[in-house]
Structures are given as structure tokens and as C-alpha cells.
Amino acid sequence: MNKIRSIAFSIKMILAIFTLFLILCFSIIYGAANTSFQDIWQAALGQHGGEYYAVLREIRFPRVIAAFFVGSALAVAGAIMQGVTRNPLADPGLLGITAGANAGLALTMAFLPSASYYLIIIGCFTGAAVGMAIVYRIGTSTRDGLSPLKLVLAGAAVSAFLQALADGVGIVFHISKDVSMWTAGGLIGTTWQALLVVPIIAIGIVASLCFSRQLTVLSLNEEVAVGLGQKTATLKVILMVLVVILAGAAVALVGNLAFVGLMIPHIVRGLVGTDYRYILPMSIIVGGGFMMLADLVGRTINAPFETPVIAVVSIIGLPFLLFLVRKGGRPLGS
Amino acid sequence: MSMQVKDIRVGYEEKTILHDLSLEIPEGKVTTIIGSNGCGKSTLLKAMTRIIAHQHGQIILDGKDIRNIHTKDLAKQLAILPQNPESANGLLVRELVSYGRYPYQKGFGGLTKQDHEIIDWALEVTRTNEMRDQPVDALSGGQRQRVWIALALAQDTDTIFLDEPTTYLDMAHQLEVLELLTRLNKEENKTIVMVLHDLNQAARFSDHIIALSEGKIVRAGDAEAVMTCDVLRSVFNIDAVISTDPRTNKPICITYDLIKGDYDDEKTYHANVDFTHSSASSM
């Protein structure tokens, strides 16, 4: 572990980006329809030559881009959550974001049956923000400000309620199937239109990187942070808003995959330590790469049938979670 | 720096912890706050460092009310080491100590040459330089406490506040930390303000002691003025035997007994127990 930590961060970043590039290449080449480098090159340049032009341009490119951004958004959101709550087992689902987005989705589909894609996305975001606002309000209702334990309990209770609301609305309005198609759909059928949320994610990620130093200070200890001159209450609100933006956008795109936000930051800590100036940039690469890989496996393992990405993530993720529990929730490698 | 606390009142909801308390922190000295559990000594330390807000009164730092000083500017004047600052963090020693420069950093700026010099000095003076590349978690309790003190030093403040810096350390490491603080006071001219549990350590290492009971000051002064039988009786409800430490010539409590009948924790005692039994005279 000390060996890994002693390698310069820039070298690790270069290696990570190189690995990411390899995954990117595989993700584009392999799929239900196997293509060649030449097809990809022509499709990327917009020439009409390649045999699989339409497959690549309309299906595979947007899907790979979506996978990258969803993975990095969830990973960064999870890392921020873990820092703010000082709880290594926190993830965006904890804040009621996932359940809130599902409830928002169900309500939008129920009351605006002809809603456009954009409107549904807005519904998801609103639900995610409302879910988080309720959880955060309860979690900070102590005299000491944000209490991690209260936040976890409030998150579990509010999530259960919002999920019940989503299910209830689904049954009453006979839209359960549509809702679950959306929430469990993963990246199937991601189009360029769906990539509307990508700029939102990109802005959220850049903004998060600006707060990485503040996040490390905050993650140490409340009193240490105040003693170092940090306005902790304001900072927590800003960071929570960033989590909603990132996780809300990711959930709107792929449904409930908040688990990625739990897992990736732990892997990253094993690689670069616990300073968020290193964790956040590395989480972008590892989170995005992991998601692209999971999606690639989902598309190819049983081609031409899709294996839902959520199943792939769970199968990789569950043993990992058990491993974390065995280690007592400590960061990997320490 | 000079700090005056004027009539501050601090409380949570209905419970008042500090009652209209006033005191002064002498500049360039080691000041220790003593008192029983729950008397408000940690609260006082947190109020003086704006970690918790006071409802009434003023805390004046160099002529300015601390509420009117920007929190980052205050962080350049006061450093605070909380009680038991550990959280699940695997930062390396040098990474942690470098965050002492946080109040001086702007926007995206990295560490300057001057920042690095101060960090190196902080590691050097606390003798933590040789562990700079190790995770803080992997160190022993005494080493960790020195690293946290290095973080406070990297903040380059005139004053350092410490909440029970010796708790959870064995006897030798307690002494090591207190001697480090004395050295910082003497050689680097730092004003030290701390909370200690151990009366004899307070007497040995402090220039100024503030004895607190139920949110009020019982006595403030040098060790000889505070380490007396009547002060210890009203602060800790103990009947103490005070002598003089043959090595340091400071007052030392060599043994003590509980004064029966009057302590809050066990309400079964009745008030009719005599208070008259002889409190051993100091020397």
C-alpha cells in the first residue's frame, strides 16, 4: 500500500487515463454488432462509408458517452457524500436522491402522460432535489448542525416513503411497467437526445473539483475545519447541491445505480490516499471507466440480448461491499 | 495577541453552560483551564475560538470583537486542536500538516515556497519529520498528537488552543506533549491556552490557571493561588492534601478524598453530612 501511495499522482493519472482510453476503444468496437476500427474512424469523421455507420453513430457513441458521464458523476457524488458526512459507507442513495427521482418520475408520467423526454428529466431532478432537501432538513435539525447518524436514518426513512409513493402512483395509474422500464433500463436505448444531461454533469464535476481542498478540510473534523477558517455550514450546502446535480442527472439517465457512488471512491482511496484533491479527479476516471466496462460486459456477455447494467454492477459490487464490511468500512489499503 | 472575555453567556436551548463569565488570557503565557466534568471548560475553549457562538457578552481579540473578524483571518491568529480530533482519515502526515496553510491559500493557488518552509519547520519542531510520508492512522497516540500540534503550528498563529491534549496518552507521552508545548511557549513565544484534567500537570506547566465550576470562575491566578484546599473543594468536591513538588517547587496534590454528601452525581446522599472534618493544611 505504501508502494502504491509513493508513486507520484501524475503518473497514476496518466496510467488511469491510458486504461480509460483502452476501455473506450473496446467499448466502441465490441457490441452486439462487431465493428472494425475503420468503421469507427469513418463514423467518427461523419463519412457515410462504414457498414455499421448507423449503429455506431446513433446507438453506440451516445451510449458510451453516457456510460462515462454517469459513472463519473456517481463516483464524484459518492466521494463528496462520504467526505461531508465523514461516513465511508455513504452514497447518493442515502440522501433520498434515488427514491426522490423515482417518485418525481412516477408523478410526471402519471399526471403528464404526454410529457416529453425533457419534462421527465426535469421531473426526476425535482424529485431528487425534494428528496434531498427533506433528508438534509431532518439531518441538520440538531444544534451541532449536520449529524451523520441522523442523516442516514432520515435518508432511509424518507427513501422508503418516496419509493412507496412512486410504487403507489405506478399502481394507481397503471404505469408501473413504464416507470420500472425507465428506472431499471440502464443505458439501453440512450440517444443523443438523452445526452442533454451531460453538460449538466460536466459543470457539476468541474465545480466539484474546485471544492476538493475545502472538502478534505471538512472531512477531517468539524472543529478542525472551523479552526482553519472554513465556513462549514455554507460549504455543506454548496456540496450537497453539487451532489444533487450530479446524482440527479445520473439517476435521470440510468435509474438507480447509486451503488457505484459507494464503491468507486473506496477503490480510488486505495490508489491515491484520502486527500480529495486526488480522490475527485481519480474518481472521474475510475468511475467513468468502470461504468463503460460494466456496460460493455452487459452488452456482450449474452449478445444479442442485453444484460442490464445494474445486474453487472451488482454482481461486481456485492462481493466488493462484503469485502468492505469485513474491513470494517475503512478505506482500502489502510 | 491579547484576549479578553467579557460577560459571555453560552448555552444550548434552556440550559445555560457559562454564566456571564469574564476573564483575560495573558499574552505569551501558558494558561490552563481546570474544572470538573461538565463544568463548561471545553465550552469556554470553543466559545473563545468561535466554534460555538456566545449569546451575550463579547470576546475581544486585540481590540476587536471576534464576531467581527472574518473566520479565515481569525484562523491566522488562533489555532485550535480539538479534543480527540481523529476521524477515519488516512492522510499522510505531510498532507495533513500542509492543510495548516489553508487559511492563507486563495482560490486554486498551490503551496508557496514560504508555505513549504513553515510546514517543514512545523514538522521539525514537533519531531514528526521522519514520519512525514506515513499515514496519520498508522502512528501511535503520542506521535499523532504531535502531528496535530504540527498542523496547528503550520497555521502560524500567535496563540494555540488545545482541548485536553494529553487525554488517552500514557504518562511519558503526556509529559512529552506538555514539554513540547512549554518549548513552543518559551522558544517560539506562542501563547498556549489549554484544558487539562490533571491538576498536577496544570500546576507544573502553567503560568496561569483558571478554575471553573458550574460555568463560573472560582479562581484565576498562578498555581500557588489556585492549587489550594478551598479552591479544590469548591471545584472538585475533594478534600486535597497539597504539598510542594521537590523538583519543580510547584504545588502538588499528593492525595485526596471525596467530600461525602455533596456531590451531584449520586443524589442518594443527604445534605446532613458534616463538612467540618479537617482539610489537611497546605504544608
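Protein sequence lines correspond, in order, to chains A and B. Residue numbers for the first sequence follow the working numbering, beginning at 55 and rising by one. Residue numbers for the second sequence follow the working numbering, beginning at 37 and rising by one. By construction, the Cβ of each residue, glycine as well, lies at the ideal position given by its N, Cα and C atoms.
#1: Where does the unbroken alpha helix (DSSP H) through VAL262 of chain B begin, and where does it stop?
#2: Let's test the definition: count the other Cβ atoms within 10 Å of the Cβ of PRO358 of chain A and tell me whether it reaches 16, buried, or not, exposed.
#3: Please tell me whether PRO116 of chain A and LEU249 of chain A are closer than 8 Å, where the distance is taken between their beta carbons.
#4: Which residues in the same chain have their Cβ closer than 7 Å to the Cβ of MET121 of chain B, if we skip the five residues on either side of it in sequence?
#5: Starting from the Cα of SER126 of chain A, find the closest Cα among A:ILE333, A:VAL223, A:ARG114 and A:LEU293 and give me that residue.
#6: Considering only their Cβ atoms, is the gap separating ASP194 of chain B from LYS222 of chain B smaller than 8 Å?
#7: Applying a beta-carbon distance threshold of less than 7 Å, which residues of chain A neighbour LYS108 of chain B?
#8: Between which two residues does the beta strand (DSSP E) harbouring ILE360 of chain B extend?
#9: Any chance you could list the beta strand (DSSP E) runs of at least 3 consecutive residues sitting entirely within the stretch 77-149 of chain B, in chain order?
#10: Between which two residues does the alpha helix (DSSP H) containing ASP349 of chain A stretch?
#11: Between which two residues does the alpha helix (DSSP H) harbouring GLY324 of chain A extend?
#12: In the DSSP assignment, the alpha helix (DSSP H) including ILE176 of chain A goes from what residue to what residue?
#13: With 8 Å set as the bound, which would you pick, yes or no: does the beta-carbon of LYS66 of chain A sit closer than that to a beta-carbon of chain B?
#14: Return the residues of the stretch 199-225 of chain B that lie within a Cβ-Cβ distance of less than 7 Å from chain A, sorted by chain order.
#15: At least one CB of chain B closer than 8 Å to the CB of GLU277 of chain A: is that the case?
#16: Tell me which residue opens and which closes the beta strand (DSSP E) that ARG45 of chain B is part of.
#17: Just checking, does the stretch 313-321 of chain A make contact with the stretch 154-173 of chain B on the three C-beta pairs under 8 Å criterion?
#18: Taking the alpha carbon of LYS252 of chain B as the point to measure from, which residue in B:TYR48, B:ASP56, B:SER78 and B:GLU49 has its own alpha carbon closest?
#19: Could you confirm whether any beta carbon from chain A is found closer than 8 Å to the beta carbon of TYR292 of chain B?
#20: Could you check if ASN156 of chain A is buried or exposed, using at least 16 other CB atoms within 10 Å of its CB as the buried criterion?
#21: Name the chain A residues that come within less than 7 Å of THR85 of chain B, Cβ to Cβ?
#22: With a cut-off of 8 Å, does the C-beta of GLY74 of chain B fall near any C-beta of chain A?
#23: Looking at chain B, which residues of the stretch 320-333 of chain A have a Cβ within less than 8 Å of any of its Cβ atoms?
#24: Could you name the residues of the same chain whose beta carbon sits closer than 8 Å to that of ALA120 of chain A, not counting the 5 residues immediately before and after it, in chain order?
#25: What's the C-alpha gap between ALA144 of chain A and ALA133 of chain A?
#26: Less than 8 Å between the C-beta atoms of LEU149 of chain A and MET135 of chain A, yes or no?
#27: From the beta carbon of LEU128 of chain B, is the nearest beta carbon of chain A less than 8 Å away?
#28: Could you work out which residues of chain B lie near VAL271 of chain A, taking near to mean beta carbons separated by less than 9 Å?
#29: Can you pull the chain A residues whose beta carbon is under 8 Å from the beta carbon of PRO399 of chain B, in chain order?
#30: Compute the Euclidean distance between the alpha carbons of GLY383 of chain A and GLY154 of chain A, then round it to the nearest angstrom.
#31: Which residue from B:THR52, B:HIS233 and B:ASP192 puts its Cα closest to that of TYR204 of chain B?
#32: Roughly how many whole angstroms lie between the Cα atoms of CYS289 of chain B and VAL291 of chain A?
#33: Taking the alpha-carbon of LYS296 of chain B as reference, which of B:ILE278, B:THR280 and B:SER270 has the nearest alpha-carbon?
#34: Quick one, are the C-beta atoms of SER273 of chain A and ARG331 of chain A less than 8 Å apart?
Looking at the atomic coordinates:
#1: 259-262
#2: So PRO358 of chain A counts as exposed.
#3: Cβ distance < 8 Å, so PRO116 of chain A and LEU249 of chain A count as in contact.
#4: Residue identity differs from the one stated: residue 121 of chain B is Pro in this sequence, not Met. Closer than 7 Å at the Cβ level, and outside the excluded window around PRO121 of chain B, lie TRP184.
#5: A:ILE333
#6: no
#7: GLY283
#8: As displayed, chain B neither begins before 37 nor continues past 319, which places residue 360 of chain B out of reach and without an answer.
#9: 92-97 and 114-117
#10: 330-354
#11: 313-326 is the span of the alpha helix (DSSP H), which, as asked, contains GLY324 of chain A.
#12: 171-193
#13: no
#14: none
#15: yes
#16: Its beta strand (DSSP E) spans residues 39-48.
#17: no
#18: B:ASP56
#19: no
#20: buried
#21: GLY281
#22: no
#23: ARG323, GLY327, THR328 and ASP329
#24: Sequence-distant partners of ALA120 of chain A (beyond 5 residues in either direction) whose C-beta falls short of 8 Å from its own C-beta, in its chain, are LEU241, THR244, ALA248, LEU249, VAL252, LEU307 and VAL308.
#25: Near 8 Å, if we compare the C-alpha coordinates of ALA133 of chain A and ALA144 of chain A.
#26: yes
#27: At a cut-off of 8 Å between beta carbons, LEU128 of chain B contacts chain A.
#28: TYR135 and TYR138
#29: Only positions 37 to 319 of chain B appear in the structure, and residue 399 of chain B is not among them; the question remains open.
#30: Below a pLDDT of 50, predicted positions are generally treated as unreliable, and GLY383 of chain A, at 47, falls in that range; no measurement from the model is reported.
#31: B:HIS233
#32: Taking the straight line from one Cα to the other gives about 50 Å.
#33: B:SER270
#34: No, they are not a contact pair.
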